[in-house]
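Residue numbers (full-length UniProt numbering): 1 to 286.
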C-alpha cells in the first residue's frame, strides 16, 4: 500500500506540456509559464542518444513526469515483465516526480494493439487491475497515477460507475489518479452523461495530475456527435470550462496540456499553456 496523502508532491501545482523534440530549443529559451514536462515512457527505453541527452538537459530546468502507454494494466493477462523491467530502468535513470499509466488494455495474447481500449467495471476487473497496479508499484518502488480513459461505448456487464471504480482502486492499492478532463468531456458526450456530475463523484483528493487536450468530432451511425480523443487540436472552450469547474473543487493541481499529433509550432502550445496558467492563478486571487 502506497501513501497517497499528498498525490501531487514532487510536481509543482503549475502548468506542464507534453514534450516534443521539435520544441527542445524553444522550451529552453522561451518556456512561458511551463514549469514541468511529460514524456511517454516508451519513447525513452533505448540506452542513449539524442532523446536522453535532451531529456537530461530539460530535467535540469523542468520537473519531469513519465507517462506510460504500453503496460496494458486493464488487460486480462499477466503484465509483460520485460516491459516492466525496461520501465524500472527508465524510472531509475530519470527519477521523475511522477509516473502514470492508463486504465485500459492494449494486448491480446502475443499481439500488441496500438490503442488504449476500455474495460467493463466489475468486481472481477477491479481485483485484476488492483493486482496489476500493486505489481507495478512494487516493481518501481513508488506510487503510480492511473488515468481515466476516453470512452465510446459502455459495457452492459459493468456494475460500477467509473468514478467509483477508480476510487476503489485508490483504496485498495494506494495509487494516485491522473484526471484527464478532456477524457471526461469526451466520455460524457459519447455516453449521454453529465461531465459535471462525473467530477462531483470523482475522488479529487487522490489527483496528482490533471490533463487537458484536443479532440475531434465525428458522428455515429445515428447521426449523433461522437468525440474522438486525438490530442491533435486546441483545447475547446467546453473543456477549459470543465477544467475551471474541476480546479474550483480540487484546488491547485499540476495541469498538463497535451498535443501529440499534428503538433503545432511552439508559440501555439505555449499559448495553450498560458491559458491553463491563467485558470490556476485565478484560484489564488479569488
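Positions of the beta carbon are idealized from the N, C-alpha and C atoms, including for glycine.
Residue 29: member of the alpha helix (DSSP H) spanning 24-29, first to last residue. As the crow flies, the alpha-carbon of residue 178 is around 32 Å from that of residue 223. In this structure, 171 is the residue among 171, 42 and 225 with its C-alpha nearest to the C-alpha of residue 203. The alpha-carbon of residue 176 is positioned some 32 Å away from that of residue 218. The straight-line gap separating the alpha-carbon atoms of residue 98 and residue 156 is approximately 34 Å. In the structure shown, the three-state DSSP call for residue 61 is coil. Boundaries of the alpha helix (DSSP H) around residue 164: 162-173.
Here the C-alpha atom of residue 225 lies approximately 44 Å from the C-alpha atom of residue 92. Distance check between residue 272 and each of 27, 282, 246 and 258 places 258 closest, using alpha-carbon atoms only. Taking 8 Å as the upper bound for CB-CB distance, residue 195 and residue 214 are not in contact here, some 16 Å apart.
In this structure the stretch 47-60 does not touch the stretch 10-17; the number of beta carbon pairs closer than 8 Å is below three. Approximately 17 Å separates the beta-carbon atoms of residue 199 and residue 254; this is outside 8 Å, ruling out the contact.
The criterion of a C-beta distance shorter than 8 Å is not satisfied by residue 244 and residue 193.
Going by DSSP, residue 244 is part of the alpha helix (DSSP H) stretching over 237-250.
In the structure shown, residue 140 falls within a helical segment according to DSSP collapsed to helix, strand and coil.
Residue range 176-180 is occupied by the beta strand (DSSP E) that includes residue 180. Judged by beta-carbon spacing, residue 150 lies within the 8 Å limit of residue 183, meaning their Cβ atoms are closer than that value.
The beta-carbon distance between residue 41 and residue 87, rounded to whole angstroms, is 6 Å. This is short enough to meet the 8 Å contact definition. Bridge pairing for residue 225: 219 [DSSP]. Judged by DSSP in its simplified three-state form, residue 259 adopts coil rather than helix or strand. Between the alpha carbons of residue 118 and residue 260 lies a distance of about 20 Å.
Proximity to residue 34 across 275, 239 and 173 peaks at 275, based on C-alpha coordinates. Each residue's CA atom was taken as its position, placing residue 189 and residue 136 some 32 Å apart.
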